[in-house]
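Take the sequence shown: its letters are residues 876 to 1106, numbered as in my numbering.
Each residue gets a CB set at the ideal place from its N, CA and C atoms; glycine is no exception.
As the structure is a prediction and not an experimental result, all values here were calculated from the model.
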Amino acid sequence: MNNIFRRTFFVLISIVLVSSALMKNNVQAVLAPQSQETLDPVINPIDYLVLVNKENPLPETWEDVVEIVHMTNSLGDDVEVEKKAYDAYLKLKDALAEEGVFIDLDSAYRSVAAQQQIMDDFTERYGEDYVKQYVAVPGFSEHHTGLALDLYLNIDGVDVYMNEDMVQYPEIWAKIHSKLPEFGFILHYLEGKEDITGYSYEPWHIRYIDNVELANEITEKGLTLEEFLTK
Ligand SMILES: [Zn+2]
């Protein structure tokens, strides 16, 4: 009798211990993905408001997490773009085409390594002074994010992609710029804000921020991303 009691007691204790262990595991299984998400930057989504300029380098883990897609433009060039920015770009392109404005992608994502290669090649060919003036320092170009897109125009069936030619069409750029916020884009290098952005006015350089509301606010207030983020 005593033995049976002891055995039953032992069995009951085992059941309690095993089930509490199981419950603990379940609780951990439920909590684990969430706590990992907040602690592990690798599985965090990218920050679409990231600021990369001559003073702020690309975040170190960026190139490990950013999702890049490839497209071929009308010139036959392979262009790489961050995935969400590309989807938004396609919608912008369609909306503009409905108004008779035709755009294409000249360049978007550039890796830090590719920029280093450009810098090395240009230094060898043109010297350090030229490079200092015209080539972005690797790690400090907004194009590293994949969220900065350089557009070019197609006018009456002709591709217009040289900077000096593109600036001849301010009325077309005005139409393009007015459509940007609706698709989560802003114009980054604004006219008259050269000392804030560090760049001359570039009507073709647009920046995806993945937020229509903020894009509208930034555009309406005539702000650069620098001003918006430090206000
Ligand atoms: Zn650009």
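What residue from the options has the CA that sits closest to residue i's CA?
{"i": "glutamate 1057", "options": "Ser949, Gln1008, Glu1095", "result": "Glu1095"}
{"i": "leucine 926", "options": "Ile1084, Glu1088, Glu1092, Leu1089", "result": "Ile1084"}
{"i": "leucine 971", "options": "His1052, Gly1067, Ile1081", "result": "His1052"}
{"i": "glutamate 1077", "options": "Gly1059, Asp1025, Ile1093, Phe1015", "result": "Asp1025"}
{"i": "isoleucine 978", "options": "Val1035, Val1042, Asn1091", "result": "Val1035"}
{"i": "valine 987", "options": "Leu1055, Gly1021, Tyr1005", "result": "Gly1021"}
{"i": "glutamate 1108", "options": "Leu1098, Ile1081, Tyr1074, Gly1097", "result": "Because the chain here runs from 876 to 1106, residue 1108 falls outside it and cannot be looked at."}
{"i": "glycine 1032", "options": "Leu950, Tyr964, Gln992, Leu924", "result": "Leu950"}
{"i": "glutamate 1088", "options": "Asp969, Thr998, Gly1059, Trp1079", "result": "Gly1059"}
{"i": "valine 953", "options": "Lys959, His945, Ala960", "result": "Checking the sequence, you will find aspartate at residue 953 rather than valine. Ranking Lys959, His945, Ala960 by Cα distance to aspartate 953 puts His945 first."}
{"i": "leucine 924", "options": "Gly1097, Val976, Arg1082, Glu955", "result": "Arg1082"}
With respect to 7 Å, is the separation between the Cβ of residue i and the closest non-hydrogen atom of ligand 1 below this value?
{"i": "aspartate 953", "result": "no"}
{"i": "histidine 1019", "result": "no"}
{"i": "histidine 1052", "result": "no"}
{"i": "histidine 867", "result": "The question about residue 867 has no answer here: the residues shown for the chain are numbered 876 through 1106."}
{"i": "alanine 1023", "result": "yes"}
{"i": "glutamate 1077", "result": "yes"}
Hey, residue i and residue j are a contact pair by Cβ (cut 8 Å); roughly how many whole angstroms apart?
{"i": "glutamate 957", "j": "valine 940", "result": "Contact doesn't hold; Cβ gap of about 11 Å is too wide."}
{"i": "proline 934", "j": "phenylalanine 1015", "result": "So it is not a contact: roughly 12 Å between Cβ atoms."}
{"i": "alanine 1090", "j": "isoleucine 1071", "result": "That belief does not hold up - the Cβ atoms of alanine 1090 and isoleucine 1071 are roughly 18 Å apart, past 8 Å."}
{"i": "histidine 1063", "j": "alanine 1023", "result": "7 Å"}
{"i": "isoleucine 1047", "j": "leucine 1065", "result": "Not quite, the Cβ-Cβ distance comes to about 17 Å (not below 8 Å), so this is no contact."}
{"i": "lysine 1068", "j": "leucine 967", "result": "That pair is no contact at about 22 Å."}
If you run the structure through DSSP and keep just helix, strand and coil, what is residue i?
{"i": "tyrosine 1027", "result": "strand"}
{"i": "methionine 994", "result": "helix"}
{"i": "isoleucine 888", "result": "Note that isoleucine 888 has pLDDT 46, beneath the 50 cutoff, so the model's placement of it is unreliable and no number is given."}
{"i": "threonine 947", "result": "strand"}
{"i": "isoleucine 1093", "result": "helix"}
{"i": "phenylalanine 977", "result": "strand"}
{"i": "aspartate 953", "result": "strand"}
Please decide whether residue i counts as near chain C, where near means a Cβ-Cβ distance under 8 Å.
{"i": "leucine 924", "result": "Among the chains in the structure shown there is no chain C, since it carries only a single protein chain."}
Touching by the beta-carbon criterion (3+ pairs, under 8 Å), the segment 972 to 988 and the segment 1098 to 1105: no
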